[in-house]
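Novice: If you want this note's numbering, it's the 1-based position in the sequence shown plus 39. Even for Gly, the Cβ is constructed at its ideal location relative to N, Cα and C. Only a predicted model underlies this, so the values are computations on that prediction, with no experimental measurement involved. Below is the structure I would like to discuss, written out as structure tokens.
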Amino acid sequence: MSKLLAMILAGGAGTRLEPLTRERAKPAVPFGGRYRIIDFVLSNFANSGVYRMKVLTQYKSDSLNNHLSRAWRMTAFLGHYVEAVPAQMRTGLDWYKGSADAIYQNLNIITDEEPDHIFVFGADHVYRMDVRKMLDFHIERKAACTVAAIPVPIEQGREFGIIDVGPDGRMLQFLEKPKDPPPMPGNPKMCLASMGNYLFSTDTLVKEVVRDAADEKSAHDFGKSIISELYKHEPVYVYDFAQNTLSGQEDKERGYWRDVGNIDVYYQSNMDLVEVDPIFNLYNDRWPIHTQPNNYPPAKFVFADADNKRVGKATDSLVAEGCIISGGSVHRSVLSPKVRVNSYSEVEDSILFENVTIGRRCRIKRAIIDKNVEIPPGMTIGYDAAEDKRRFHVTSGGVVVIPKGMKVT
40 MSKLLAMILA GGAGTRLEPL TRERAKPAVP FGGRYRIIDF VLSNFANSGV
90 YRMKVLTQYK SDSLNNHLSR AWRMTAFLGH YVEAVPAQMR TGLDWYKGSA
140 DAIYQNLNII TDEEPDHIFV FGADHVYRMD VRKMLDFHIE RKAACTVAAI
190 PVPIEQGREF GIIDVGPDGR MLQFLEKPKD PPPMPGNPKM CLASMGNYLF
240 STDTLVKEVV RDAADEKSAH DFGKSIISEL YKHEPVYVYD FAQNTLSGQE
290 DKERGYWRDV GNIDVYYQSN MDLVEVDPIF NLYNDRWPIH TQPNNYPPAK
340 FVFADADNKR VGKATDSLVA EGCIISGGSV HRSVLSPKVR VNSYSEVEDS
390 ILFENVTIGR RCRIKRAIID KNVEIPPGMT IGYDAAEDKR RFHVTSGGVV
440 VIPKGMKVT
């Protein structure tokens, strides 16, 4: 069997997810009530049988480090691990200059582990993937590098790094946000967008990041600096993610991939989960999303005084353990552990992080409320755009965001 290593790039600042990233790295942002964003890529590797994972961290990494050390304890006896690797400045006094530089500054990991193939994946996407099938594709074609790509409508291609491929799947061009994207083979209405997930033969990766590090004009980015040059002199192939299948997956979920790069996309990706029949199904126990188990009591719904409109209920929602819906109403919302919604309050189309308390007679709509926030009785959020903008962060899509620990009065 090939010796494999996964290197997960988790060092980005995540500025477009501000204020959710004000006190945490983007991969540590909660998602879907129970998880952190990084849990999806780590679960994909674990479920695929790739058990050696190094997570390269940098900005505001304490929350992420804690999550990895507490939730992702693998079997050391068998040589399995998920380990956080902080920016060590091994090559100078610089932080990571880009994704390629992050690998270059940690070449000692590759030297120590001596893998045959190295996965270089991002940490901030929501999807399921059997990475072994990408490995099989890579080995069969004797590729130096394989890039995972997803079909997108050709009119959206100018927003992505687009790949032009031959009929055999070999990369012919890599175009960064082109005005006229080339169509993918067999479908003139779609083009192939890079997912930012790569599989390298070890020698190729080492050679390319060393070459890139010596170029002072380089952006030190995998797409712009490595892939855009590598395909010209080495066999680089493109793996169509839409063809990836895995256990327990329904056909409609094939090709589901979300880059939760800004608040509005993050919000909608969470709202997708509360549909009656969601495209992305968290309940597939044959390909589970792993995370930290909590020793909290079950969710509790109390009061059934319909005459006085004091009924604890939740509809079309995800409600995590430890929550108490005490005479309040929750609809189309995602609640993390230990949320309390008090009597006569209404929460709709919202995401509430851990340990949020909603006081009595509140009305909350289209809001994201971060951890450890208490909303005082009688408050209305999400109904008056001008007032919301005066008091809180409001996205271009109209989602109100209340930062972690904010004192709301």
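Roughly how many angstroms lie between the CA atoms of Gly-131 and Ala-253, to the nearest whole one?
Specialist: The sequence position of residue 131 within the sequence shown is 92, counting from 1. The sequence position of residue 253 within the sequence shown is 214, counting from 1. Rounded to whole angstroms, Gly-131 to Ala-253 spans 13 Å at the Cα level.
Novice: For Ser-308, report the span of its alpha helix (DSSP H) as first-last.
Specialist: Translated into positions along the sequence shown, residue 308 becomes position 269. Note, Ser-308: alpha helix (DSSP H), 302-311.
Novice: Would you kindly work out how many angstroms separate the C-alpha atoms of Val-89 and Thr-354, rounded to a whole number?
Specialist: Here residue 89 is taken as the residue at index 50 of the sequence shown, counted from 1. Here residue 354 is taken as the residue at index 315 of the sequence shown, counted from 1. Val-89 and Thr-354: Cα-Cα distance of roughly 38 Å.
Novice: Going by C-alpha to C-alpha distance, which of Ile-77, Ser-82, Thr-114, Phe-84 sits closest to Thr-96?
Specialist: The count along the sequence shown starts at 1 and reaches residue 96 at position 57. When each option's Cα is compared against that of Thr-96, the closest is Ile-77.
Novice: Going by DSSP, name the residue or residues bridged to Arg-293.
Specialist: Start at 1 with the first residue of the sequence shown, and residue 293 comes out as number 254. According to DSSP, Arg-293 bridges with nothing at all.
Novice: Please determine, among Lys-263, Glu-273, Leu-285, Pro-376, the residue with the shortest C-alpha to C-alpha distance to Gly-137.
Specialist: If you number the sequence shown from 1, residue 137 lands on position 98. Checking every option, the nearest Cα to that of Gly-137 belongs to Lys-263.
Novice: Give the secondary structure of Thr-396 by DSSP, where H, G and I count as helix, E and B as strand, and everything else as coil.
Specialist: For the purposes of this step, residue 396 is taken as residue 357 along the sequence shown, with counting starting at 1. Strand.
Novice: Using only alpha-carbon positions, find the residue among Cys-230, Lys-291, Gly-208 that is nearest to Pro-217.
Specialist: Here residue 217 is taken as the residue at index 178 of the sequence shown, counted from 1. The shortest C-alpha separation from Pro-217 is found at Cys-230.
Novice: Could you tell me the alpha carbon to alpha carbon distance between Ile-407 and Ser-102, rounded to whole angstroms?
Specialist: Taking the first residue of the sequence shown as 1, we reach residue 407 at position 368. Taking the first residue of the sequence shown as 1, we reach residue 102 at position 63. Using only the alpha carbons, I get a separation of about 19 Å.
Novice: Could you say if the region 307-321 and the region 236-253 meet the contact criterion of at least three C-beta pairs nearer than 8 Å?
Specialist: Contact fails: fewer than three Cβ-Cβ distances are below 8 Å.
Novice: Quick one: measure Cβ to Cβ for Ala-232 and Val-191, integer angstroms, because I've assumed they're closer than 8 Å.
Specialist: Taking the sequence shown and counting its residues from 1, one reaches residue 232 at position 193. Taking the sequence shown and counting its residues from 1, one reaches residue 191 at position 152. So it is a contact: roughly 5 Å between Cβ atoms.
Novice: If you draw a straight line from the C-alpha of Ala-162 to the C-alpha of Asp-346, how long is it?
Specialist: Here the question's residue 162 lines up with position 123 in the sequence shown. Here the question's residue 346 lines up with position 307 in the sequence shown. Rounded to the nearest angstrom, the two C-alpha atoms are 49 Å apart.
Novice: Output the distance between the C-alpha atoms of Ala-425 and Arg-75, rounded to the nearest integer angstrom.
Specialist: As a working note, residue 425 is residue 386 in the sequence shown. As a working note, residue 75 is residue 36 in the sequence shown. Taking the straight line joining both Cα atoms gives about 32 Å.
Novice: Mark Trp-111 as exposed unless 16 or more other C-beta atoms lie within 10 angstroms of its C-beta, in which case mark it buried.
Specialist: The count along the sequence shown starts at 1 and reaches residue 111 at position 72. Trp-111 comes out buried.
Novice: Quick one: residues in its chain with C-beta nearer than 8 Å to the C-beta of Phe-342, no 5 flanking neighbours on either side, listed in chain order?
Specialist: The residue given as residue 342 occupies position 303 in the sequence shown. Only Arg-349, Val-350, Gly-351, Ser-365, Gly-366, Ser-382 meet the Cβ criterion.
Novice: Does the region 149-159 come close enough to the region 269-280 that 3 or more CB-CB pairs lie under 8 Å?
Specialist: Flag = no, the region 269-280 and the region 149-159 do not touch.
Novice: By alpha-carbon positions, which one of Trp-326, Arg-371, Asp-260, Ala-359 ends up nearest to Asp-140?
Specialist: Position 101 of the sequence shown, counting from 1, holds the residue named residue 140. Here the closest residue by C-alpha is Asp-260.
Novice: Report yes if the C-beta distance between Gly-72 and Val-373 is below 7 Å; otherwise report no.
Specialist: Here residue 72 is taken as the residue at index 33 of the sequence shown, counted from 1. Here residue 373 is taken as the residue at index 334 of the sequence shown, counted from 1. Yes, Cβ-Cβ distance for Gly-72 and Val-373 is below 7 Å.
Novice: Between which two residues does the alpha helix (DSSP H) holding Thr-114 run?
Specialist: Translated into positions along the sequence shown, residue 114 becomes position 75. Premise fails: Thr-114 is in no alpha helix (DSSP H) and is neither H nor E.
Novice: Beta strand (DSSP E) containing Phe-160: first to last residue?
Specialist: One-based indexing of the sequence shown puts residue 160 at position 121. 156-161 is the span of the beta strand (DSSP E), which, as asked, contains Phe-160.
Novice: Between which two residues does the beta strand (DSSP E) containing Asn-236 stretch?
Specialist: Position 197 of the sequence shown, counted from the start, is the residue given in the question as residue 236. First-last of the beta strand (DSSP E) with Asn-236: 229-240.
Novice: Who are the near neighbours of Arg-405 in its chain, counting only those whose CB is closer than 7 Å to its CB and skipping five residues on each side?
Specialist: Translated into the one-based positions of the sequence shown, residue 405 becomes position 366. Asp-388, Ser-389, Gly-421, Gly-437, Val-438, Val-439, listed in sequence order.
Novice: Can you list, in chain order, the residues of its chain with a C-beta nearer than 6 Å to that of Arg-297? Leave out the 5 residues immediately preceding and following it.
Specialist: If you number the sequence shown from 1, residue 297 lands on position 258. Result list for Arg-297: Val-165, Ser-308, in chain order.
Novice: Please report the straight-line C-alpha distance between Glu-179 and Gly-208, rounded to a whole angstrom.
Specialist: Your numbering for residue 179 matches position 140 in the sequence shown. Your numbering for residue 208 matches position 169 in the sequence shown. Between Glu-179 and Gly-208, the C-alpha separation is close to 12 Å.
Novice: Near Ala-182, which residues of its chain fall below 6 Å by C-beta distance, leaving aside the five closest residues on each side in sequence?
Specialist: Residue mapping note: residue 182 aligns to position 143 of the sequence shown, counting from 1. Same-chain partners within the cutoff: Pro-274, Tyr-276.
Novice: What would DSSP say about Glu-171, mapped onto helix, strand or coil?
Specialist: The residue labelled residue 171 in the question sits at position 132 within the sequence shown. The displayed chain sequence assigns Arg, not Glu, to residue 171. It is helical.
Novice: Contact defined as beta carbons within less than 8 Å: I believe Cys-401 pairs with Val-378. What is the distance between those atoms, to the nearest angstrom?
Specialist: Along the sequence shown, one-based indexing puts residue 401 at 362. Along the sequence shown, one-based indexing puts residue 378 at 339. That pair is no contact at about 13 Å.
Novice: Would you call the CB atoms of Pro-415 and Gly-398 closer than 7 Å?
Specialist: One-based indexing of the sequence shown puts residue 415 at position 376. One-based indexing of the sequence shown puts residue 398 at position 359. Yes, they are a contact pair.
Novice: Is Asn-145 helix, strand or coil by DSSP?
Specialist: Against the sequence shown, residue 145 aligns to sequence position 106. Coil at Asn-145, not helix or strand.
Novice: From this set, Met-46, Gly-51, Met-234, Val-412, which residue's C-alpha is nearest Gly-294's C-alpha?
Specialist: For the purposes of this step, residue 294 is identified with residue 255 of the sequence shown, where counting begins at 1. Closest option to Gly-294, Cα to Cα, is Met-234.
Novice: Throw me the rounded Cβ distance for the Lys-99 and Glu-122 pair, which I believe falls under 8 Å.
Specialist: In the sequence shown, the residue the question calls residue 99 occupies position 60. In the sequence shown, the residue the question calls residue 122 occupies position 83. That pair is no contact at about 19 Å.
Novice: What three-state label does DSSP hand Lys-352 in the structure shown?
Specialist: To locate residue 352, count along the sequence shown from 1; it is residue 313. Of the three classes helix, strand and coil, the one that applies to Lys-352 here is strand, per DSSP.
Novice: I'd like the span of the beta strand (DSSP E) that includes Val-80, first residue to last.
Specialist: Position 41 of the sequence shown, counted from the start, is the residue given in the question as residue 80. That residue, Val-80, is in no beta strand (DSSP E); its alpha helix (DSSP H) goes 77-87.
Novice: Just how far apart, CA to CA, sit Glu-247 and Asn-147?
Specialist: Taking the first residue of the sequence shown as 1, we reach residue 247 at position 208. Taking the first residue of the sequence shown as 1, we reach residue 147 at position 108. Each residue's alpha carbon lies about 15 Å from the other.
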